[in-house]
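Some notes on the structure that comes next.
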Amino acid sequence: MGSLTWLFFSFEGRINRAIWWGVYLGLACISTAVTLMQGESSNMIFAVVNLVLAGLQIAPGVKRLHDSDKNPQLLWLYYGVPALLTVLALVLAIPAAFAVVLLFAALGVALWGIIDLGATPGTHGENRHGPDPLEGKRRPPGPPRGPNRI
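In terms of the numbering used here, the sequence shown is residues 1 to 150.
This is the structure in structure tokens:
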């Protein structure tokens, strides 16, 4: 996997889906815990903490896009558009029906990003971003092996 510094602060290389899910779910759990601990405390502190946690998702997201040999600019779409649509829906004085449409659009784009980053397999073998993170870990093609298999 490499060091945590490489994982969170380098935009070079590739990671597999399992590592991305670990980062995504781990940061989501931390963000949820921080939000639940907020209580009556200052919103600014918790907003900054959640912003930092969101920023820590950028480099792993770039590495996942590298694994699929996709343009890392897609992260602007996957992370930026849902955030912008949510802010517009909650901050602007707009009719409730339009706000709901914006929130559903934000959810749709976010789900598309999660599916692309978390479910789409990477390219097999080396690509322009580095070696396959699963090289040597894939099962050879053929029927399942093990006891009591036909």
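All C-beta atoms, glycine included, are put in the ideal place defined by N, C-alpha and C. A quick note: this is a predicted structure, and the numbers were derived from the prediction, not measured.
Pairing L103 with T86 gives a Cβ-Cβ distance under 8 angstroms.
Closest by C-alpha distance to D67, out of E12, G136, N50 and W6, is E12. In the DSSP assignment, N127 forms a beta bridge with G130. A direct Cα-Cα distance of roughly 23 angstroms separates A83 from R17. Distance check between V48 and each of L25, N127 and S31 places S31 closest, using alpha-carbon atoms only.
Closest in alpha carbon position to G26, among K63, G108, W112 and L56, is L56. A straight-line Cα-Cα distance of about 27 angstroms links P72 and V101. A Cβ-Cβ separation of about 6 angstroms places K63 in contact with R14 under the 8 angstroms criterion. Going by DSSP, G118 is part of the alpha helix (DSSP H) stretching over A96 to A119.
By the neighbour-count definition (other C-beta atoms within 10 Å, threshold 16), P133 is a buried residue. Boundaries of the alpha helix (DSSP H) harbouring W21: R17 to M37, taken from the DSSP string. L75 is positioned such that its CB atom lies no closer than 8 angstroms to that of V109.
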